[in-house]
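These notes concern the structure reproduced below.
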Amino acid sequence: MATPSSVVPSSKVQRKPFNEDVLGKNSVMCLLAQKMEVHGHRGLGGFPNNTLSSFRAGYDAGADVAELDLQITADNHILVAHDAVPNVGTERCSLHGKSLEKTSLRELPFAEASQIRCGDRLWTESFTDSIPELSAVFAAFKDRKSLAGKPVRLNIEIKYFKDQVQYYPPQDEYLNMILKVIRDSGWSTDRFFVQSFNHDILKVLKSKAPDIEFVPLIWDARDALKAALDVGSSIVTSGFPQLTPEVVYQIHQKNVRVISWTPNSVEELKWVIASGADGVITDRADLFMQIRRELCE
């Protein structure tokens, strides 16, 4: 998932500065923050993203949900990684001590892909974490409880676009592979949902697995309700810059929950809290929890 700033630069986002006198006293903000579900975006910032250590750190910081992305190897192992070509995006990876520059995960068998070590351009130069399989993530956190004492959950993002089909099997085959890993995990369907910017594949998935929640990802919150109704989802995940109390109210009127992505600063997180959103996908689960504590003191 990209960050909203890559779509609407923060300097150009048309929103008023956060003002607690206007938005309400801390008691109101406390109630709004307490009801929000916290998703650790690829785990927790400061750790190599989309790794077991990052997801674990996110849960330790207070996240209820770990948000992750899927890719696939040459021999059809479903991996957890943001980019099909690791070094073109946020991950910075090496194989046998050499930097991966143009090699896609789809070109490598799992035996090689499992030897890749990844850091993160934004946070660390170390290459200490391997790229996990989705099945390994399910296994690692099957019995894990959140700080609130509830079973932790997963937010699974599928990437599949017409201009990137070389990185994936044929669509129907790929979707069936993903569903098999999910079914084989033994996780109950209330412990995860599947999201994507490709709303067409969500409809296909919904026909294959009507008991699973499939959630449209949206850049602009003003398009969120339409997308949710079109897919037939009770949840929508939306970029945060256009997320206002008015937009959230309209979404809630149709019994749809809205989860925002990806606010990371104090101002951005307070903006989302004040909007009345039901959840937040953030690199800074730790910062969100700190803000929540301060609001509720």
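Counting from 48, one number per residue, gives the positions in the sequence shown under this note's numbering.
Think of the CB as a built atom: it goes at the ideal place given N, C-alpha and C, for glycine as much as any other residue.
Values in this document were obtained by computation on a predicted structure and should not be read as measured data.
Of the residues the options, the one placed nearest residue i, counting alpha carbons only
{"i": "residue 222", "options": "202, 256 and 105", "result": "256"}
{"i": "residue 308", "options": "299, 73 and 325", "result": "325"}
{"i": "residue 150", "options": "267, 109 and 213", "result": "213"}
{"i": "residue 313", "options": "329, 104, 130 and 298", "result": "329"}
{"i": "residue 225", "options": "116, 343, 112 and 101", "result": "116"}
{"i": "residue 111", "options": "310, 162 and 195", "result": "195"}
{"i": "residue 251", "options": "279, 337, 294 and 302", "result": "279"}
Where the alpha helix (DSSP H) through residue i begins and ends
{"i": "residue 303", "result": "Neither: residue 303 is in no alpha helix (DSSP H) and is coded neither H nor E."}
{"i": "residue 84", "result": "From DSSP, residue 84 is part of no alpha helix (DSSP H) but of the beta strand (DSSP E) over 84 to 88."}
{"i": "residue 332", "result": "332 to 342"}
Contact set for residue i: own chain, Cβ-Cβ below 6 angstroms, skip 5 residues either direction
{"i": "residue 253", "result": "261"}
{"i": "residue 157", "result": "120, 122 and 124"}
{"i": "residue 170", "result": "Per-residue confidence for residue 170 stands at a pLDDT of 43, beneath the threshold of 50, marking its modelled position as unreliable; the derived number appears in the next sentence. Here the set comprises 93."}
{"i": "residue 333", "result": "108"}
{"i": "residue 57", "result": "Since pLDDT at residue 57 reaches only 41, below the 50 mark, its modelled position is unreliable, and the value read off the structure follows with that caveat. Hits under 6 angstroms: none found."}
Strand pairing of residue i, partner residues [DSSP]
{"i": "residue 286", "result": "308"}
{"i": "residue 201", "result": "113 and 239"}
{"i": "residue 164", "result": "141 and 177"}
{"i": "residue 326", "result": "84 and 306"}
{"i": "residue 132", "result": "Note: residue 132 sits in no beta bridge, so no partner."}
Residues of its chain near residue i, where Cβ-Cβ distance is below 8 angstroms and the 5 sequence neighbours each way are ignored
{"i": "residue 153", "result": "118, 119, 120, 121, 131, 213, 214 and 215"}
Cβ neighbours of residue i in the same chain (closer than 7 angstroms, five flanking residues each side left out)
{"i": "residue 342", "result": "73, 76, 77 and 80"}
Host beta strand (DSSP E) of residue i (start-end)
{"i": "residue 243", "result": "239 to 243"}
{"i": "residue 262", "result": "261 to 265"}
{"i": "residue 105", "result": "Here residue 105 belongs to no beta strand (DSSP E); instead the alpha helix (DSSP H) covers 99 to 108."}
{"i": "residue 212", "result": "That residue, residue 212, is in no beta strand (DSSP E); it is neither H nor E in DSSP."}
{"i": "residue 126", "result": "125 to 127"}
Are the segment 283 to 298 and the segment 226 to 239 in contact at 8 angstroms, needing three or more beta carbon pairs? No, because fewer than three Cβ pairs between the segment 283 to 298 and the segment 226 to 239 fall closer than 8 angstroms, the two stretches do not touch.
Three or more C-beta pairs under 8 angstroms: does that hold for the segment 103 to 120 against the segment 75 to 91? Look at the beta carbons and you see the segment 103 to 120 touching the segment 75 to 91: at least three pairs across the two are nearer than 8 angstroms.
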